[in-house]
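Trainee: For the sequence shown, the numbering used here gives the first residue as 155, with consecutive numbering after it.
Below are the structure tokens for one structure; questions will follow.
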Amino acid sequence: MNPGQIEELIRAGLPGARVAVRSEDNVHFEAVVVSPEFEGKRPLQRHQMVYRALGERMGGEIHALQLTTLTPAEAGG
155 MNPGQIEELI RAGLPGARVA VRSEDNVHFE AVVVSPEFEG KRPLQRHQMV
205 YRALGERMGG EIHALQLTTL TPAEAGG
């Protein structure tokens with residue numbers, strides 16, 4: 155799995171989200187996800203929303219994912 159595929163999955167699960175994923179080895183990933191759906195949600199809830207979008211790939215094809223989840227206001231627009 156590559157960063158582009160992960161971005162597509164997250165965007166499909168969180169329509170309207172801005173997503174940037176990077177990885178040096180295609181096993182360990184870092185993602186920044188900005189979505190209005192995160193408004194009023196705690197960090198754990200936000201992460202769970204992203205994990206749901208990725209489904210069973212978490213812990214399988216995606217060994218590790220470091221997440222930064224922000225609302226548009228938190229991201230500065």
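Built from N, CA and C at the ideal position, the CB exists for glycine as well.
Quick caveat, the model's predicted, so the values are computed rather than measured.
At the level of alpha carbons, what is the spacing between Phe183 and Glu193?
Mentor: When rounded, the distance between both Cα atoms is 24 Å.
Trainee: Give the straight-line distance between the Cα atoms of Arg211 and His217, rounded to the nearest whole angstrom.
Mentor: So the alpha carbons of these two residues sit roughly 8 Å apart.
Trainee: Entirely within the stretch 156–210 and at least 3 residues each: give me those beta strand (DSSP E) ranges in chain order.
Mentor: You should have 172–176, 182–188.
Trainee: Report back the beta-carbon spacing between Val188 and Arg172 to the nearest angstrom; my notes put them in contact at under 8 Å.
Mentor: About 4 Å; that satisfies the 8 Å criterion.
Trainee: Rounded C-beta distance between Pro190 and Thr225? I'm assuming under 8 Å.
Mentor: That pair is a contact at about 6 Å.
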